[in-house]
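The structure appears below as C-alpha coordinates.
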Amino acid sequence: ACTSASLEPSYVLRAIGADEDLAHSSIRFGIGRFTTDAEVDFTIEKTVEHVKRLREMSPLWEMVQEGIDLRNIKWSQH
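Okay, so the sequence shown: first residue is 2 according to my numbering, each after it adds one.
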(Lines of atoms letter the chains of each structure in order from A and count residues from 1; the text may use other names and numbers.)
(Lines give C-alpha, C1' and ligand atoms only; values in the text may rest on other atoms or scores of the structure.)
Protein backbone atom coordinates (compact mmCIF):
# COMPACT_ATOMS: atom_id res chain seq x y z
CA ALA A 1 0.00 0.00 0.00
CA CYS A 2 2.77 2.45 -0.88
CA THR A 3 0.61 4.35 -3.34
CA SER A 4 -3.01 5.28 -3.45
CA ALA A 5 -5.34 6.58 -6.11
CA SER A 6 -7.23 8.36 -3.35
CA LEU A 7 -6.59 12.00 -2.52
CA GLU A 8 -7.70 11.39 1.06
CA PRO A 9 -5.03 11.71 3.74
CA SER A 10 -3.63 8.58 5.35
CA TYR A 11 -6.16 7.24 7.83
CA VAL A 12 -3.28 5.83 9.89
CA LEU A 13 -1.65 9.24 10.28
CA ARG A 14 -5.02 10.79 11.10
CA ALA A 15 -5.67 8.05 13.68
CA ILE A 16 -2.43 8.84 15.51
CA GLY A 17 -3.35 12.52 15.67
CA ALA A 18 -1.58 14.06 12.65
CA ASP A 19 -3.45 17.08 11.33
CA GLU A 20 -4.82 16.95 7.81
CA ASP A 21 -2.04 19.07 6.29
CA LEU A 22 0.65 16.79 7.68
CA ALA A 23 -1.24 13.66 6.66
CA HIS A 24 -1.55 15.03 3.11
CA SER A 25 2.16 15.79 2.86
CA SER A 26 3.50 12.45 4.03
CA ILE A 27 5.83 10.17 2.09
CA ARG A 28 5.54 6.40 2.45
CA PHE A 29 8.50 4.07 2.13
CA GLY A 30 8.24 0.31 1.89
CA ILE A 31 10.87 -1.70 3.74
CA GLY A 32 11.11 -5.46 3.41
CA ARG A 33 13.11 -8.17 5.07
CA PHE A 34 15.73 -7.96 2.31
CA THR A 35 16.17 -4.19 2.58
CA THR A 36 19.71 -3.46 3.75
CA ASP A 37 20.86 -0.86 6.25
CA ALA A 38 22.86 0.74 3.43
CA GLU A 39 19.69 1.12 1.33
CA VAL A 40 17.83 2.70 4.24
CA ASP A 41 20.73 5.08 4.92
CA PHE A 42 20.92 6.02 1.22
CA THR A 43 17.17 6.69 1.10
CA ILE A 44 17.33 8.86 4.21
CA GLU A 45 20.27 10.83 2.81
CA LYS A 46 18.59 11.42 -0.55
CA THR A 47 15.23 12.28 1.00
CA VAL A 48 16.77 14.90 3.30
CA GLU A 49 18.77 16.32 0.38
CA HIS A 50 15.74 16.66 -1.89
CA VAL A 51 13.42 18.01 0.82
CA LYS A 52 15.99 20.73 1.58
CA ARG A 53 16.23 21.60 -2.12
CA LEU A 54 12.44 21.74 -2.53
CA ARG A 55 12.08 23.89 0.59
CA GLU A 56 14.65 26.35 -0.78
CA MET A 57 12.43 26.75 -3.85
CA SER A 58 9.17 27.10 -1.92
CA PRO A 59 7.72 30.51 -1.03
CA LEU A 60 5.24 28.67 1.21
CA TRP A 61 8.07 27.14 3.25
CA GLU A 62 9.59 30.59 3.62
CA MET A 63 6.27 31.87 4.95
CA VAL A 64 6.06 29.00 7.46
CA GLN A 65 9.62 29.77 8.62
CA GLU A 66 8.52 33.37 9.21
CA GLY A 67 5.77 32.10 11.50
CA ILE A 68 2.87 32.59 9.08
CA ASP A 69 0.07 30.06 9.58
CA LEU A 70 -0.90 29.08 6.04
CA ARG A 71 -4.32 27.94 7.25
CA ASN A 72 -5.22 31.58 7.93
CA ILE A 73 -4.51 32.78 4.39
CA LYS A 74 -7.44 33.47 2.08
CA TRP A 75 -6.30 31.92 -1.21
CA SER A 76 -7.82 33.27 -4.41
CA GLN A 77 -9.45 31.01 -6.98
CA HIS A 78 -8.05 31.05 -10.50
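Heads up, the beta-carbon is just placed ideally off N, CA and C, and yes, glycines get one too. Only a predicted model underlies this, so the values are computations on that prediction, with no experimental measurement involved.
query	result
Jot down the residue ranges of each uninterrupted alpha helix (DSSP H) in the segment 15-53, minimum 4 residues, whole runs only, in chain order.	21-25
How about W62 and R56: do their beta carbons lie closer than 8 angstroms?	yes
What does the alpha-carbon distance come out to for the pair A16 and S27?	14 angstroms
List the endpoints of the continuous alpha helix (DSSP H) containing Q66.	60-66
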